[in-house]
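Below: one structure, written as structure tokens.
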Amino acid sequence: MGKLPVFMRDEAHKEQRRRLAVLLAQSRRDMEAAMLACLDDIAPVFRDTSGEIDLMSALAAPLWSAMTDVILSGRDDCDWMIESVSELPDLMNPALSLRRRKALDGMLKEVSEKAPDLLFTAMPLLVLGQRSFTGSIAASLHQVAERNSGERWCDIAFPETLGYSVIESAYREVLTDTEVAGCPHSAGTRLRCVISDRAYSDEFNIKNLYGFGSHLCLGKQISQFVWFHIGEMLATSEMRVRPRCAIHCAFPAIQHADRVQNRTVPDD
Ligand code: HEM
Numbered sequence: 417m418g419k420l421p422v423f424m425r426d427e428a429h430k431e432q433r434r435r436l437a438v439l440l441a442q443s444r445r446d447m448e449a450a451m452l453a454c455l456d457d458i459a460p461v462f463r464d465t466s467g468e469i470d471l472m473s474a475l476a477a478p479l480w481s482a483m484t485d486v487i488l489s490g491r492d493d494c495d496w497m498i499e500s501v502s503e504l505p506d507l508m509n510p511a512l513s514l515r516r517r518k519a520l521d522g523m524l525k526e527v528s529e530k531a532p533d534l535l536f537t538a539m540p541l542l543v544l545g546q547r548s549f550t551g552s553i554a555a556s557l558h559q560v561a562e563r564n565s566g567e568r569w570c571d572i573a574f575p576e577t578l579g580y581s582v583i584e585s586a587y588r589e590v591l592t593d594t595e596v597a598g599c600p601h602s603a604g605t606r607l608r609c610v611i612s613d614r615a616y617s618d619e620f621n622i623k624n625l626y627g628f629g630s631h632l633c634l635g636k637q638i639s640q641f642v643w644f645h646i647g648e649m650l651a652t653s654e655m656r657v658r659p660r661c662a663i664h665c666a667f668p669a670i671q672h673a674d675r676v677q678n679r680t681v682p683d684d
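This is the structure:
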């Protein structure tokens, strides 16, 4: 996990960040084309489906899968890795059991033995991008539905940026003894900094959605591209929308009412 840029600093971090930025820049056109093709496939679901749509499986997961294909393109020996990679983000969960951590460490070891070059390139992108992308896209769209319940997609003023992130905190190390809001922190302490919370204002959450400073998210550009085109896709849908569960649930879903009869779905 030490190869993940979020845990690095100084020159080592700059070098790793540069490597990932180059990789993303090189694949930018392919990635955008893959996202548009995927949204074309998904569009009928949002135009024609009456009933429940699971935003994770119908929208966020296929987009991520298409992005994974591009990130790993040219490496058709990597199929074995995709499943492991989808589990690796668990390593960042501070409440992970020792048993699970050992199992995931084993997976990382397998990757480092079978495809050592990916440890510095595709792997950090896949580990850091997966949950933030899928979770935040699904949750942000659910938030739009929640705030416009009963409206037709085509009538909704679709927000310019995602409004809700599942990345609620960033970890930072205190470099010199300091004090924040009257609370002393000594050098070397690791701090969990909350960057998004429902108790904060929309403006604050949106401003910090992709982090800030030297660790600003490298996937911001492609995520914003996708979000913009999701908005375009929904602008052609006359379906009425209603959220099915609270926004913080693991599987955000929405319900569509029949557009022909213009009726809304009754409350549960
Ligand atoms: C809506 C989607 C996304 C959100 C909300 C998001 C959020 C974040 C946040 C808050 C950070 C900063 C973490 C910190 O400071 O510790 C970050 C870093 C990062 N993200 Fe994203 N991310 C998203 C999508 C992606 C995607 C799609 C990729 C890759 C394809 C990606 C790759 C990265 C990388 C490599 C970093 C580390 C940057 C560094 O430490 O220098 N992210 N992301």
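In our numbering, each residue carries its 1-based index in the sequence shown increased by 416.
Ideal Cβ placement from N, Cα and C applies to all residues, glycine included.
Since the structure is predicted, the reported quantities are computational estimates derived from the model, not experimental observations.
Where residue i and residue j are concerned, what is the direct C-alpha to C-alpha distance, given to the nearest angstrom?
i	j	result
V486	V438	14 Å
M451	E427	33 Å
L479	D613	25 Å
L634	I622	16 Å
S617	L650	26 Å
I572	G647	9 Å
Q677	Q671	Caution is warranted here: a pLDDT of 37 is assigned to Q677, below 50, making its placement in the model unreliable, and the coordinate value is therefore given only provisionally. In a straight line, the C-alpha of Q677 is about 15 Å away from that of Q671.
A538	R516	23 Å
R568	G551	23 Å
E529	D495	15 Å
C665	V582	Residue confidence for C665 is low, a pLDDT of 48 falling below 50, so the modelled location carries little weight and cannot support an answer.
L544	R588	16 Å
G598	G629	23 Å
S513	L520	11 Å
H601	T592	8 Å
S473	W643	16 Å
V422	H645	28 Å
L436	Y626	16 Å
E526	A477	25 Å
R445	K636	15 Å
Which partner residues of residue i appear in the DSSP bridge assignment?
i	result
L634	Its beta-bridge partners do not exist; DSSP assigns none.
H601	T594
E619	BP columns for E619 are empty, so no partner.
V610	S585
Based on Cα-Cα distance, which residue from the options lies nearest to residue i?
i	options	result
S639	V590, P659, R656, R547	R547
R491	P532, R608, E468	P532
E503	L542, S473, K530, M447	L542
E654	T465, H429, K518, R435	T465
R660	T652, G598, N564, C570	N564
M523	P510, V582, I498, L512	I498
D457	L475, E448, L440	L475
Just curious, the alpha helix (DSSP H) that residue i is in, first and last residue?
i	result
T577	Run containing T577: none; DSSP gives neither H nor E here.
P421	Counting along the chain, P421 falls outside any alpha helix (DSSP H), and DSSP gives it neither H nor E.
S556	538-563
E654	From DSSP, E654 is part of no alpha helix (DSSP H); its letter is neither H nor E.
I498	495-503
I487	477-487
Please tell me whether residue i has its Cβ less than 8 Å away from any Cβ of chain C.
i	result
R608	Checking the listed chains, one finds no chain C in this structure; it contains a single protein chain.
The ligand ADP and residue i: does any heavy atom of the ligand fall closer than 7 Å to the residue's C-beta?
i	result
G579	Questions concerning the ligand ADP fall outside what the structure shown contains, since the ligands it does hold are the ligand HEM.
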